[in-house]
Every structure is written in C-alpha cells, then in structure tokens.
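Trainee: This is the structure I want to talk about, given as structure tokens.
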Amino acid sequence: MEEVLLISRFITRSLILLSLWFLCFPPGVVCDTGNVSASSSSSSKPKVINIGALFTLNSVLGEAAQPAIQAAVDDVNSDPTILNGVQLKLLISDTNCSGFIGTMEALQLMESDVVVAIGPQSSGIAHVISHVVNELHVPLLSFGATDPTLSSMQYPYFLRTTPSDHFQMYAIADIVDYYGWREVIAIFVDDDYGRSGISVLGDALAKKRAKISYKAAFSPGDTESKINDLLVEVNLMESRVYVVHVNPDTGLNIFSVAKALNMMGSGYVWIATDWLPSYLDSKGAVDSNTMNILQGVIALRHYTPDTDLKKSFMSKWNNLKYKGSAVHAGFNSYALYAYDSVWLAAHALDVFLNEGGNLSFSYDPKLHDTNGSMLHLASLRVFNGGEQLLQTLLRMNFTGVSGQIQFDPDKHLVHPAYDVLNIVGTGTRRIGYWSNYSHLSVVPPETLYTKPPNISTGSQHLYSVIWPGDTTSTPRGWVFPNNGQPLRIAVPNRVGYKEFASKDKSPQGVRGYCIDVFEAAISLLPYAVPRTYMLYGDGKRNPSYNELVSRVAQNVSISFNWYNLDDRPLDIANLILCECFGLSVYDAAVGDITIVTNRTKIVDFTQPYMESGLVVVALVKEAKSNPWAFLKPFTAEMWFVTALFFLFVGAVVWILEHRINSEFRGPPRRQLITKLVKSSLIRLNAGENTVSSLGRMVLIIWLFVVLIINSSYTASLTSILTVQQLTSGIQGIDSLISSTEPIGIQDGSFALNYLVDELNIAQSRIVKLRNPEAYLRALKLGPKKGGVAAIVDELPYVELFLSNTNCLYRIVGPEFTKSGWGFAFQRDSPLAVDMSTAILQLSENGDLQKIHNKWLTHSECSSQVNQVDENKLSLNSFWGLFLICGIACALALTIFCCRVFTQYRRFSPEDEESEIETIEPSRSSRRSIRSTSFKQIIDFVDKKEEEIKEMLKRKNSNSNKQQTSIHSFSDGQASSPS
C-alpha cells in the first residue's frame, strides 16, 4: 500500500509540475520538434543554471551537508570572478534514506534540466541514481557515498568528492598490522556500503598476512535484541579485534549492546570507521553516558589540512542562516566535502562555458510514454554537454576548504588521508595520521608530501593508545575460543618410549620430555593459558599420529558438561560422547609429533623443538683382520697417481743428472734398473748424490710431497689397524631398497607411508613393532627366523634404543630424511606463533638442552658403524701437492732443454765430422753432412757435459788456426814474382 501511495503521489506531483511547465513555457518556445529528437539551445550564456542536490535531510550527514551546500551556492553567486554573472539555482530533493524514494526524486529532479547533481550521501541510493544519470548524461558529484565499487567503469558519470572507503580499509589494515594482530571480526551493516567496504578490508588484510575470521552482518533496521544475539555469537569466538563499519545514524547501538555484554573491557579492541567521528562531531557536546560507552575505541576521521580557507569557513559555521531549527546540526568533515562539491561544479561550469560549451538538452527516443502509463518518461531529456562537462570536472585542480580538489586516473581524490583517533575521557585525542603516501605517521601528511614516500615497517609510527579497560598495554587481540574454556590438548598414549610422553598419576595427568618442553614454553608466554591434557589412544598400541593431527584439524566447539560430586567436568565422558558422534575435542596436540608435509597442510606447527630424521638400525659384528689392510689407507686412484709420480720424478732427475753425473751413466740396462729405480725411491747413497741445481730443486720438492704422503699413510694405517672395525650386511637405506628382506618400523610412525609411497618398498616387507623390546626380538631373530633385517625409525627413538643394547646394534648409513618434532595447533592459531617464539627462547637460554639431558641419556659407545671406505685418503686431498711437484718438474725440464738447445746451436755436426776426418784420414767420408738427423741430436744430448765443453774449445782453437793460415797464404802469394 505504501508503494502505491508513493507512486500515486509522484504521478500527481509530476502532472502538476508538467502543467506549470507548459503554462509558463510553450513548447514552441522551449524546443523545436524533429523526427528523432528535440533540442533547446541558446546562442548566449544562460542567466540561470539549475543544479540539483539529493540526500537525506534528516540525517547526521544531511544536516551538516544542507547548510554547507546552500552556503556554497550563495558564495558562488556572490563571487564576480566566476561564471561571469550566471547564477546557480539549487534544487534540493530529500531521498529519505530509501532507494525507491531516492529514484523517484532523482527522476523528478532530472525533469528540471539540471546539469549537475550533488549527492547522494548513501552508497545504496547512489548505485540506483547512477543508472539514471548515466542515461541522461548528468554528472553526479557525491560528497558521502564512499562505496569503493562506485568508482568502477559501470558508473562513468559518478564522481566522488570524498575519499573512497578503499583507502579507509587499507588504513585499518595498516593499524592491524602495526599492532601485530592477525585476525579481526568485521561487524557491518548488510547493504552495498557495508559489504563493499568489508570486502576491500579482506583484501587489504590478506596483503598483511592477516584475515577476517568472521563477518557479522546485520540489517539497518535490526532491533537491539538482534544486535545482542549477534554480539553474543561474536564474543564466543577467538578474535577480540572488532572492526565496526555501519551507518552513523544507528551505529551507536552496537557499542551500547557491547557495553551491556561487558565487551568494552580489557582485552578487547574496537576500531570504527569514519562514521563514528562524524556522529560525534555533528553532535557537538556529547553526553557523558555516550562517551563512557566509547572509551578506548580507535576511529578514523577524514583528514583535512588546517588552511586559512577552512578556518574561515568554520568560523562562520555557527552563523549560517540555513541551519534553521536544527539545533544539533553540527559540523563534520562531510560538510566540507559538500561545500567543495558546489565549488567544483561552479569551476567546471565556468570553464565549460568559456570553452564554448552548450547547455542544451535533447529527447531520448528510448524514453517514451507507453499506453496507459502516467509516468511521462518522455519528459526526461538528455544533457548534450554532459560528456564534455564530465571531462572538465575530471581535470579540475583547485584548493577548497577540504584541501586539494584534484582527481587521479581512477577518479579518486589525490592524497587521501585520515586522522587516527583514540576516544578517551570526554573527547578524542589524535594518535597519528594515515595517508596513501606514507601510511601511518605522527607527522601531518602535507609535510610528508615534500619527501620521498616511505612505507617500510620501521617508518610506521603512532602515539600510545589507551585501550578499553583503561589500559596502555596493547591487547594480544585474541583469546581461547568457547569463551575462555581450557585449551584441550591431546597427548599420545604411547606403549613404548614413554620417556617422551606417557600417562602419569599427578594432577597434570601426563609426563615426559615433550610435556616438559611444552610446559616450559607456556611459562614464557606473557599471558595465562588454561589447559587440560587428554590422552589419545587405548594404551595397548601406539596411536596413529596422522589421525591425531586430523582430530586437531577438524575440531568442533561442542562439549558435553558432565559434573561429578566435586563439580569437576569429566573429560572422559566428553571424549566418549564426542567419539560416538564422530566429533573431535582437541585444540592442540603435544608429543613426539613429526612435522611432515601432509600434516602441515591441515594444522599449524610450532618451531621444531627436537631435530629428527629416519635412520637404519642393524646388527653389527666386529670386522676380521685383512692381510691386505696396508692398501686401505689410499684409494686406488691415489695409489696409481703416487706410483706414476715416483716414475715421473725419477725420469726427470735422470734427465737432469745424466750429462754431468757419472753415477747416472753406463749401459742402458744398468741405468734403467739401477739408477732409475734408485732415484725413484730416493735411495741415493753418498756416491750417488745429485750434482745439478735443477735436479736438487726437483728432489727437494718431491721429498716434501713424499713426507706428507708418508705421514698421512702412516696415520690412516694406524687407525685402521688399531680402532675396532664393525661391519653389517646392511649398508644403509639403498641396500634395504634393493633387498627383499623384511624391515621393521615403529607402530603408528609416519615411516610406513614414507617407505611405501616415497621409496616404493612393498608393504608386505614392513613389520610393525610396538616397543623397544619388540625391536630387540626382531633384530635377534633376523630375517631368516621371522625377524627383520633392519629397523627404520626416527633418530631420537634410535638413540634411546641404542643406549640400552650394549652397542650390539648400530646405525648403518647416513640419516636419509631431515625433519623435526613440533606441537600441532589448529590452522591460524596465534598460539602457534607465540609458542614458536617461546621455544626459540628455550633453545637460546639452554633450558631446552637441560630438559633433554634430564629425560634422554645415551651410551658412550659409538652409535654408527665405522665406514672404512669413507675414511680412505683420496686424490682430492693431495692433488695440490702433485700439481706443485709437476710444475717444478716441467719448469726444470724446460730450463734444461733451453740450455741444451743453446749448446747445440753453437756446436755444428759438420765441424765434428771434419774433425774426425782429419784425425782419422783412412775413414770414408762419403756420407752427407748437410742434414742433421734425430740420432745426432740424441747423441749430442747423451754426451757428457765435459766432452761438449772440450769440443767447443777445440772448435774455437781450430777456427783461430785456420784464420792464421789463410792470412799467411795470402801474404806469401802476394810476395811471389808474377
């Protein structure tokens, strides 16, 4: 009925307005009728330009915006420097916080041929009206619709003159990250404004590795009873950081109900968006009861620079005649944006007219009256200059009362900024600023604009905050769920290795190494953690750790409270009932829980408090003596290279000494067998000393190499012959994989999945063993008598097992996986992060090692089989020595060859042949002496150094005699008669 009445009222008002319009302006005067459209134009500037205003008059924002808009119109009309005498005529329509009424009012306003519309303040109404202005090409300047989705390309004629909630939500995300919180609960009004803002908040928090853990939405018209039920549900959750994004007219009810539920006390964090400061500012003096409700709340308010223009506007605010009887029409930031919206339209229209813009309208053929309809849609006309005016608006740049009015490519105001406020006492105190330029700071944003942007973590600063409960210590932001019930911790009820975790008769109920580490870490936390230990497993066999972790991951908040005569909850009854219904009752798991990949996907682990990894344990025996043990110190490669260098160095020394040392000359057999071997083994006696300097240099370096090799060989051989050597038929995991013998594992261990899935070992070979006693029996029997060839288990268990076996069993091969033990918590549990920090502190201060020494002891015998092959000396350890020796030999040979080559050039073979013919005239000299054969070179090199020097002396002497004879013959020939 109400909608019918509204439509009827609208039709009646439309008919009256249309009648008055046609009476005052005959159709022929206003427009010319054509086939397609009708248009109106003027060759000169109009005297009056209609601009519209759409908002809810009776609201917190509307009561501040109305006098500001009317004052702006008056200021523009009285300013001779703008619009050149053209007057703005303001047409105000009341949307009454209704999308339907807002649409009707917008259609009626468009009939008045407005060129610009100011408003609306509501994001929901803005969505609807934007479709109207898109069709009619009328720019819509909104001072209060902050929904981020309105900036999309779907609404090209929507232009926001206030910062978008996009930036406000990123400011809240920075505040959450600044204080180290990881989860928030969003309380918001369930409309376009609330949903879109919280959606952006979720994206902003995700970039800070935080999240919205729960979205608590309510309708704008919900009663306090419904709000109470919503907050009761929220209060049972883990997070204690609440972001409130609602409308200013009804948002205070949230805090009133929260106060009644004791949710405004210590440990709670409340962050309100700009609606709360707008409400408080508009009320002027707020009563003390309201302020008591809001103590400790953090809120954001639009930041506007304290310019002279702003101060002048605020000074005359109380004297504005348009405020009328609205006593509490107080000033807030939206009044500034509404005032600047009118001035933005005025500046744009001034430029538009100066550039030759035409204020004309045309009929849209798509808007026509249907038969029987009384809406008269044909009366709505399209603004022909709308696109040009929109582009003019987008390039405007001037300073208004709210600051710089300029748009970026995304149609946002440049330099969005907010005050970060803390509500304390009877008012608010500013603890800092947020800007899109440098984020959180205690310096005004306009000061930072002159410096390079800096958004690093270290540059973020805020002043101290007084939190709810009148405390200055930052709340941790979360509590244990179920309204503070004790943390339910599952402890595996083990059959073996009870040193790690086991049942106990103490009030705590459990004991062991893992329990002590957990308790020590809990004691380091800055807050109390109520906890209850609950055994998992029947005690007859080790529980499945994968199932235990799954129970923690699938936790549900259902608990059956059974009470005995002492009024103590019976956890066993809870456990039995939840097991019957398939429910989990665990918030965490403490014990020897290995951190593996599939488990990290469903729970959060702490920092590992114990290193672990899979190893192979097998029966070992003492190795028997070997007659070839003297060969074990070196690898085969090392032996080969050493022998090769013995021969090489011996050959080099022989070459260097052969010409000058008589001990290195003689028949070839004697040289090869005696001298080469002796020089190679460095067994030179007093008569076989080296003579050449090059030979001595090579021998000194070689002796140094031999000394090091000999010392290393002696040490390694001594170790092999004296240290007990143990052997096993199993050399490591590789030999286990290649064999077909059975392998033992601990019951409930993740080793089963690893061996079968990762190493492809047949499951039929796997034997599950319950405790260390079963380990001993299986290893003693061996694979041939129904036992196992080896056991694969984690290193902490193996070390404890070996300490009680008198060194009969050892670890064979290296550790083939690397992992650790940690405590399991539900996903995104903040306790996991705090416990990791506490474990690191235990490790650093030595307490972790003390707990280890208390529970876990080891025997003094070596836990691993000696690997002789791994201890052999290889060429890698000595190649540098061999390289030095080789370079020395090569250098000595090069110098020797150069010296011989020089001598050979001075000594000519032809001269030698001539000398031989002179001494022995009977010998035939038919051979050619012009070519030098390789044999002659070898013969020259083989000669003694003394012979070569003697030949060179004779050669020089004969040359002198021949020259003397030639001179005598020449003189005698000259003196004889002709």
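Under numbering that gives the first Met the number 0, the residue at position 317 of the sequence shown is numbered 316, and the numbers go up by one with no gaps.
Note that beta-carbon positions come from the ideal geometry of N, C-alpha and C, so glycine has one too.
Since the structure is predicted, the reported quantities are computational estimates derived from the model, not experimental observations.
Going by C-alpha distance, which of ARG208, GLN153, VAL72, GLY193 is nearest GLN167?
Mentor: GLY193
Trainee: With DSSP as the reference, identify every bridge partner of PHE815, one or two as the case may be.
Mentor: PHE815 pairs with nothing; no bridge assigned.
Trainee: Counting pairs of beta carbons, one from the stretch 89-101 and one from the stretch 164-181, are three or more of them closer than 8 angstroms?
Mentor: Counting C-beta pairs closer than 8 angstroms gives fewer than three between the stretch 89-101 and the stretch 164-181, which falls short of the contact rule.
Trainee: Thinking just about the alpha-carbon of each residue, which of ILE594, MET533, LYS210, ALA205 is nearest to the one in ALA185?
Mentor: Its Cα nearest to that of ALA185, the residue LYS210 stands out among ILE594, MET533, LYS210, ALA205.
Trainee: In whole angstroms, what separates the C-alpha of LEU830 from that of PRO474?
Mentor: If I take the Cα positions, the gap works out to 14 angstroms.
Trainee: Considering just the uninterrupted stretch of the alpha helix (DSSP H) at GLN86, what are its terminal residues?
Mentor: GLN86 -> not in any alpha helix (DSSP H); beta strand (DSSP E) instead, spanning 86-93.
Trainee: Between the Cα of SER401 and the Cα atoms of PRO162, LYS206, GLY220, which residue gives the shortest distance?
Mentor: PRO162
Trainee: Under 8 angstroms between the Cβ atoms of ASP191 and HIS438?
Mentor: Taking 8 angstroms as the Cβ cut-off, ASP191 and HIS438 do not qualify as a contacting pair.
Trainee: Are the stretch 404-424 and the stretch 296-305 touching by the rule of at least three beta carbon pairs closer than 8 angstroms?
Mentor: yes
Trainee: Excluding the 5 residues preceding and the 5 following TRP274 in the sequence, name in chain order all residues of the same chain whose CB lies nearer than 7 angstroms to its CB.
Mentor: VAL245, ASN246, PRO247, GLY250
Trainee: By alpha-carbon positions, which one of THR425, PRO219, THR391 ends up nearest to MET290?
Mentor: THR425
Trainee: May I ask you to report which of helix, strand or coil DSSP gives GLY694?
Mentor: helix
Trainee: Please classify ALA298: does DSSP put it in a helix, a strand, or coil?
Mentor: strand
Trainee: Over the uninterrupted alpha helix (DSSP H) stretch that includes GLY290, give me the two end residues.
Mentor: Here the sequence assigns Met to residue 290, which means Gly is not the residue at that position. First-last of the alpha helix (DSSP H) with MET290: 287-292.
Trainee: Taking all protein chains shown into account, do 16 or more other C-beta atoms lie within 10 angstroms of the C-beta of THR160, making it buried, or fewer, making it exposed?
Mentor: buried
Trainee: Could you tell me the distance, in whole angstroms, from the CA atom of HIS414 to the CA atom of PHE54?
Mentor: 26 angstroms
Trainee: Alpha carbon to alpha carbon, how far is HIS301 from LYS309? Give it in angstroms, no decimals.
Mentor: 14 angstroms
Trainee: Which whole-angstrom value describes the C-beta separation of LEU60 and GLY179, a residue pair presumed to lie in contact below a C-beta threshold of 8 angstroms?
Mentor: Rounded to the nearest angstrom, the Cβ distance from LEU60 to GLY179 is 34 angstroms, too far for a contact under 8 angstroms.
Trainee: Buried or exposed: PRO66, going by 16 or more other Cβ atoms within 10 Å of its Cβ?
Mentor: Burial call: buried.
Trainee: Along the chain, where does the alpha helix (DSSP H) containing GLU445 start, and where does it finish?
Mentor: 444-447
Trainee: Classify HIS346 as helix, strand or coil using the three-state DSSP reduction.
Mentor: helix
Trainee: What residue does the beta strand (DSSP E) around VAL381 start on, and which one ends it?
Mentor: Counting along the chain, the beta strand (DSSP E) containing VAL381 begins and ends at 380-382.
Trainee: Taking C-alpha atoms, which residue in PHE517, GLN762, ASN770 lies nearest to LYS497?
Mentor: ASN770
Trainee: When we look at the beta-carbon of ASN560 and count the other beta-carbons within 10 Å, is it buried (16 or more) or exposed?
Mentor: For ASN560, the predicted structure reports a pLDDT of 41, less than 50, and the residue's modelled location is therefore unreliable. The matter cannot be settled from this model.
Trainee: Using the Cα positions of ALA552 and LEU389, report the straight-line distance between them to the nearest angstrom.
Mentor: 55 angstroms
Trainee: Nearest CA to the CA of VAL602: which residue from LYS817, PHE330, SER828, GLY468?
Mentor: If we check each option's Cα against that of VAL602, SER828 comes out closest.
Trainee: Assuming PRO1027 and LEU358 form a contact by the criterion Cβ under 8 angstroms, report the distance between their Cβ atoms to the nearest whole angstrom.
Mentor: Since the first and last residues shown for the chain are 0 and 977, residue 1027 lies out of range.
Trainee: What did DSSP end up calling GLU919 once you bin it into helix, strand or coil?
Mentor: At GLU919, the pLDDT of 46 sits below 50, so the modelled position is not reliable; the number obtained from the coordinates is stated separately. In the structure shown, GLU919 sits in coil (DSSP, three-state: anything other than H, G, I, E or B).
Trainee: Since ASP164 and GLY196 should fall inside the 8 angstroms C-beta cutoff, what is the C-beta to C-beta distance between them, to a whole number of angstroms?
Mentor: 4 angstroms
Trainee: Where does PRO813 land, buried or exposed, given buried means 16+ other C-beta within 10 angstroms?
Mentor: exposed
Trainee: How big is the Cα-Cα spacing for GLY686 and PHE644?
Mentor: Residue placement at GLY686 is poorly supported in this model, since its pLDDT is 38, which falls under 50; the coordinates still yield a value, given next. One C-alpha to the other measures close to 24 angstroms.
Trainee: So, is SER41 buried or exposed, given that buried needs 16 or more other C-beta atoms within 10 angstroms?
Mentor: Because the pLDDT of SER41 is 41, which lies under 50, any placement of that residue in the model is unreliable, and the number read from its coordinates should be weighed accordingly. SER41 comes out exposed.
Trainee: Short check: CB of LEU880 to CB of VAL704, under 8 angstroms?
Mentor: yes
Trainee: Of the residues GLU134, LEU775, HIS130, ARG598, which one's Cα is nearest the Cα of LYS365?
Mentor: GLU134
Trainee: Under 8 angstroms, with one C-beta from each stretch per pair, do the stretch 766-781 and the stretch 795-809 reach the 3-pair mark?
Mentor: Contact between the stretch 766-781 and the stretch 795-809 is present, because at least three Cβ pairs lie under 8 angstroms.
Trainee: Let me know the alpha helix (DSSP H) ranges lying completely inside the stretch 423-472, each 4 residues or longer, listed in chain order.
Mentor: 444-447
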